[in-house]
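Chains as they are written, first to last, in UniProt numbering: chain A, 1 to 185; chain B, 1 to 185; chain C, 1 to 185; chain D, 1 to 185.
In this text, a Cβ means the ideal position worked out from N, Cα and C, and glycines have one as well.
It should be emphasised that the depicted structure is a prediction, and the values quoted were computed from it without experimental measurement.
Notes for the one structure printed next.
4 protein chains.
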Amino acid sequence: MKQGIKQQSILLFEKKGFSETSIQDIVEALGVTKGTFYYYFTSKEQLLMDIHLGYIDDLLERQQKIQQSQLSNRKKLEELVALLITDIANHGPSGKVFFREMRHLCEENAVEVKAKREKFRKNLERIISDGIAEHEFRQGLEPEMIAFAILGVTNWSYQWFNPTGGISADRLAGIYSDLILNGIV
Amino acid sequence: MKQGIKQQSILLFEKKGFSETSIQDIVEALGVTKGTFYYYFTSKEQLLMDIHLGYIDDLLERQQKIQQSQLSNRKKLEELVALLITDIANHGPSGKVFFREMRHLCEENAVEVKAKREKFRKNLERIISDGIAEHEFRQGLEPEMIAFAILGVTNWSYQWFNPTGGISADRLAGIYSDLILNGIV
Amino acid sequence: MKQGIKQQSILLFEKKGFSETSIQDIVEALGVTKGTFYYYFTSKEQLLMDIHLGYIDDLLERQQKIQQSQLSNRKKLEELVALLITDIANHGPSGKVFFREMRHLCEENAVEVKAKREKFRKNLERIISDGIAEHEFRQGLEPEMIAFAILGVTNWSYQWFNPTGGISADRLAGIYSDLILNGIV
Amino acid sequence: MKQGIKQQSILLFEKKGFSETSIQDIVEALGVTKGTFYYYFTSKEQLLMDIHLGYIDDLLERQQKIQQSQLSNRKKLEELVALLITDIANHGPSGKVFFREMRHLCEENAVEVKAKREKFRKNLERIISDGIAEHEFRQGLEPEMIAFAILGVTNWSYQWFNPTGGISADRLAGIYSDLILNGIV
DNA sequence: GATGAATGAGGTTTCATTCAT
DNA sequence: CATGAATGAAACCTCATTCAT
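Structure follows, in structure tokens:
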């Protein structure tokens, strides 16, 4: 039931937004009553936190696997881009909620999530700077800015990319890796 | 007064979000009463639409100037990236509201704004495809995906870039143009 | 202009009701501004009072002419019924407003209008009792109840009678006079 | 509680009118809060519809019993008049609300109520035309107009008749039946 | 585990009215 | 005569949350 509430909430939050989705909407979609909701969650905000953690913890874990592998930095980068893009198909709604609704977490929870988010970014930055040090990537790059750029490319995809549309996630990941590595000139 | 309400609203919407900002918040910040708000705007949504149009219309106009210039496609692209990044300094709050709160427009207004947003994207796509045709850019690129990627890089900057921080907007635009054109390898 | 405001208001009050018609509605329909309204009327209620008096004073005056005539009581009654029914064509909207919106007059004005309304009723009652005394009408009738009944028949017509429809006001007045005088058996 | 809200609302609507009675007025009179109101009714208008249906459905049902009886048409008419007049004592406030506030129903609900109201009128018309056909009533009458007249007499009574005053409902019903059947001459 | 009645704070919006110009 | 900006009270309604059962 707890999982059911969470899944349903994610879909509703994605479609209508966190503030615009009422507890009533959620329990009605599941055919239960508000009391049930408050049996499993102490507040709407706690549910949102649950969704956030589910998303970012999973992502961090899979990032770590790539990080700890013996691959080249270039390959690691490609894997990470693929990870983020293919995730849209599997956890698109979660991701959208994650990117859009963090503002509604309370101070304390926001800090915790932000820290994990930053950790993810720093890990990506690490790949860049390692790659530069090991001469896989060009010298003179600003790793932090590059990391932001890569996240921009992938995260923005949540806004428009439809995995069931004309182009596959693998293909899109390929295009983006190529762009990041080689540019357009 | 109308301008004052709009400016104040943009700041509040950016800080707290559209749904979380009440008319009361807005008028209190200005030292007027709710009646005054509704004298100038027929609804909260209309105010949001006003903000959206103010942002996208201005952007489209400036994009057109670049498009109609005699510059090379490469140079046009650089100008466009610079335009978008430096805009964060000038219209950062407007932009954030624009990217985050479109969901709160009514159907009719959403369609209008989406059309303009798409027009902007298509114009960018045009630069890419022209550049490919004229051999300024590599062959085999997918202009639409590249356009989305570029928008991802620039738009995402609204989320983190602080123009008054350590790096200037011009500098960041340079880094991003370089990345897009040449990649990191 | 004052007359224009009054006429327009009557139409709007009839269509939408007094409470549901705003000053804004009235002045917009006339292409002027609220200031203009308050130049001619001190309040919305005063306008309503104006409408009420315009209606009832006119009716009382015409009733008096009938009353003072040399006609038989039976003929007087027929004339009065005709007066009330044909009035629907000429002053239908005014009448509807009169019957429906008295509640919105302030205490003081309500008293004044009620007094005139009662006067009208008493005059009608007089015709009945005179008619009984002079053996034009049956003995044993209760003049007050009969007067209420006649007013019910005529006033209710405001609710459904469309003078431009299938039956003329004169014809309807004839039918009603016949009913009242002779019954249906 | 739902019944309590409805009863209280009827009294308030009768006294002050629908538009002039706020939800606040209703719940204050009951010593509950606004939330409670909206737990039982989705809107003020829905409450009004509830009141309307409660009134007209009951009336239609009782009318049908008379209609289906083996009484003469003359007797049926007398019963119906008695039904309507005695109803003032039992459901006077409901009736007043019914007659005065239909305008505040939304289009859809208004249509439904109007249809039932018309059905009641058509049933009455039927008694008249049957009575004419069976020579209980005079030939040459216009059943539709007579029906309107009878409704006028009875409905108007809601405006002035006080069942606890000098004359009883039964007595008034008798007077009105006599008037309708025999006229005043 | 789950229900359903109740709360109360807060939201958007409307509107009669005022008044300096 | 007429305008238009501003007010402030009050309206309807929503909703996260609580709690006895």
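query: Measure the Cβ-Cβ separation of Ile23/B and Lys34/B and say whether it is below 7 Å.; result: yes
query: Could you give the residue range of the alpha helix (DSSP H) that holds Gly152/A?; result: 143 to 160
query: Taking Glu101/C as the reference, which of Leu59/C, Gly31/C, Arg171/C, Leu48/C has the closest Cα?; result: Leu48/C
query: Within the segment 51 to 127 of chain A, note down every full alpha helix (DSSP H) run reaching 4 residues or more, in order along the chain.; result: 73 to 100
query: At the level of alpha carbons, what is the spacing between Val113/D and Leu84/D?; result: 18 Å
query: Find the residues of chain A that neighbour Gly152/B, judging by a C-beta separation of less than 8 Å, and give them in chain order.; result: Gly152, Val153, Thr154, Asn155, Trp156, Ser157
query: Counting only Cβ pairs nearer than 8 Å, list the residues of chain B close to Tyr176/A.; result: Met145, Ala149
query: Below 8 Å CB to CB, which residues in the same chain sit around His104/C once its five sequence neighbours on both sides are set aside?; result: Phe18, Ser19, Glu45, Leu48
query: Would Val32/A and Val153/B be called neighbours here (beta carbons separated by less than 7 Å)?; result: no
query: Do we get a CB-CB distance below 7 Å when we pair Glu14/B with the residues of chain A?; result: no
query: Find out if the Cβ-Cβ distance for the pair Asp25/A, Leu12/A is shorter than 7 Å.; result: yes
query: Please classify Val111/C as buried or exposed, where buried requires at least 16 other C-beta atoms within 10 Å of its C-beta.; result: exposed
query: Under a Cβ-count criterion, where at least 16 other Cβ atoms within 10 Å of its own Cβ denotes burial, should Gly131/C be classed as buried or exposed?; result: buried
query: Which residues in chain D sit within 7 Å of Gly17/C, going by Cβ to Cβ distance?; result: Arg103
query: Whole angstroms are fine: how far does the CA of Ser177/C sit from the CA of residue 191/D?; result: Residue 191/D is absent from the structure shown; chain D starts at 1 and stops at 185.
query: What is the C-beta distance between Ile51/C and Arg117/C, in whole angstroms, given that I count them as a contact (C-beta under 8 Å)?; result: Contact doesn't hold; Cβ gap of about 14 Å is too wide.
query: For the alpha helix (DSSP H) containing Val14/B, list its first residue and its last residue.; result: Note that residue 14/B is Glu in the sequence shown here, rather than Val. Residues 2 to 16.
query: Mind checking if Leu84/B is an interface residue toward chain A, Cβ cutoff 7 Å exclusive?; result: no
query: Less than 8 Å between C-beta atoms, sequence neighbours within five positions excluded: which residues of the same chain meet that for Phe120/A?; result: Ile56, Leu59, Leu60, Gln63
query: Rounding to the nearest angstrom, what Cα-Cα distance links Phe41/A and Gly54/A in this structure?; result: 15 Å
query: Between Tyr158/B and the rest of its own chain, which residues show a CB-CB distance below 8 Å, the 5 nearest in sequence each way excluded?; result: Ile88, Gly92, Gly95, Lys96, Phe99
query: Note down the Cα distance separating Trp156/C from Val81/C, rounded to an integer number of angstroms.; result: 12 Å
query: Is the Cβ of Leu30/A closer than 7 Å to any Cβ of chain B?; result: no
query: Note the first and the last residue of the continuous alpha helix (DSSP H) segment covering Ile175/D.; result: 169 to 182
query: Do Asn73/A and Ile127/A have their CB atoms nearer than 7 Å?; result: yes
query: Should Glu142/D and Ile175/C be called a contact, given that it needs their Cβ atoms to be closer than 7 Å?; result: yes
query: Just verifying my parser: in three-state terms, what is the DSSP assignment at Gln24/D?; result: helix
query: Near Leu77/D, which residues of its chain fall below 6 Å by C-beta distance, leaving aside the five closest residues on each side in sequence?; result: Ile127
query: What whole-angstrom Cβ distance do Ala147/D and Leu124/D have, given they're in contact under 8 Å?; result: 5 Å
query: Please state the DSSP three-state secondary structure of Ser129/A.; result: helix
query: Whole-angstrom Cβ separation of Gln8/B and Leu30/B, contact assumed at under 8 Å?; result: 6 Å
query: Take Thr86/A and list the residues in its own chain whose beta-carbon comes closer than 6 Å to its own, dropping the five residues that flank it on each side.; result: Ala169
query: May I ask you to report which of helix, strand or coil DSSP gives Tyr35/C?; result: The residue you asked about is not Tyr; residue 35/C is Gly in the sequence shown. Here Gly35/C sits in helix by DSSP.
query: Can you check whether the C-beta of Leu141/D is within less than 7 Å of a C-beta belonging to chain C?; result: yes
query: Could you tell me which of Ile180/D, Thr36/D, Asn90/D, Glu14/D sits nearest to Pro163/D, measuring between CA atoms?; result: Asn90/D
query: Would you report the Cα separation of Asn109/D and Ala115/D, rounded to the nearest angstrom?; result: 10 Å
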